[in-house]
Amino acid sequence: MSLIRNKKATLNFEIIDKFEAGVELFGFEVKSIRNKRGSLDGSYVKIRGGEAFLVNAHIPSFQPANSPESFDPYRTRKLLLNKKELHELTEKEKERGLTLVPLSMYNKGRLIKLEFAVARGKKKYDKRQDIKRRDTERDIKREFKARLN
Numbered sequence: 171m172s173l174i175r176n177k178k179a180t181l182n183f184e185i186i187d188k189f190e191a192g193v194e195l196f197g198f199e200v201k202s203i204r205n206k207r208g209s210l211d212g213s214y215v216k217i218r219g220g221e222a223f224l225v226n227a228h229i230p231s232f233q234p235a236n237s238p239e240s241f242d243p244y245r246t247r248k249l250l251l252n253k254k255e256l257h258e259l260t261e262k263e264k265e266r267g268l269t270l271v272p273l274s275m276y277n278k279g280r281l282i283k284l285e286f287a288v289a290r291g292k293k294k295y296d297k298r299q300d301i302k303r304r305d306t307e308r309d310i311k312r313e314f315k316a317r318l319n
């Protein structure tokens, strides 16, 4: 069950491959995520110096009055991946037109995990086709349901 989702990711991007990573967080950020507060809209994953980072994700503190004064809710957070995955992602990120887009944050036991994808941006006409296909599938399901009842 995801705690935070990036709802626009599947609309704006064509998902090619999915990955899972741990996220380095402060305790008050973990509490905030478990309360489903935060946003992945406009965020992305960047690989620098052999390490992966989640950039521009908004995770507010659990209790703003008790958080440090220097806390930035948009700070860059380190992702925990093994060397093989980092190497694979570095190669894919170098390809033209591919980006690393966060899809969701969720619990896995006690840990908070980030699901992100290697994705390619969609053009406007691709988005229209997806919306049209979704609408027709919905209409077909309605028809079948009406005929069965």
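Take the sequence shown: its letters are residues 171 to 319, numbered as in the numbering used here.
For each residue, glycine too, the CB sits at the ideal point set by N, CA and C.
If you're wondering where the values come from, they're calculated on a predicted model, not measured in any experiment.
From the options, residue whose alpha carbon lies closest to that of residue i
i      : options                           : result
Val288 : Asn182, Asp309 and Lys201         : Asn182
Lys248 : Lys311, Gly291 and Phe223         : Phe223
Glu194 : Ile203, Asp187 and Lys188         : Ile203
Phe196 : Phe241, Leu318, Glu265 and Lys294 : Phe241
His228 : Arg280, Pro234 and Thr246         : Thr246
Ser209 : Val225, Arg218, Glu263 and Arg317 : Val225
Ile280 : Lys201, Ile185, Glu184 and Ile186 : As written in the sequence, residue 280 is Arg, which differs from the Ile given in the question. Answer by Cα proximity: Lys201.
Gly283 : Gly212, Arg290 and Ser274         : A quick correction: the sequence has Lys, not Gly, at residue 283. When each option's Cα is compared against that of Lys283, the closest is Ser274.
Neighbourhood of residue i by C-beta, 6 Å cutoff - its chain only, sequence neighbours within 5 removed
i      : result
Phe198 : Ser231, Phe232 and Ser237
Lys262 : Leu268 and Val288
Per DSSP, cross-strand counterpart(s) of residue i
i      : result
Glu191 : Here residue 191 turns out to be Ala, not Glu, going by the sequence shown. Its beta-bridge partners are Leu284.
Arg218 : Glu221
Pro272 : Phe286
Phe183 : Gly291
Which of helix, strand or coil DSSP assigns to residue i
i      : result
Leu256 : helix
Same chain, Cβ closer than 7 Å to residue i, neighbours up to 5 away in sequence not counted
i      : result
Gly220 : Leu256
Check whether the segment 249–262 touches the segment 289–306, counting contact only when three or more Cβ pairs, one atom from each stretch, lie closer than 8 Å. no
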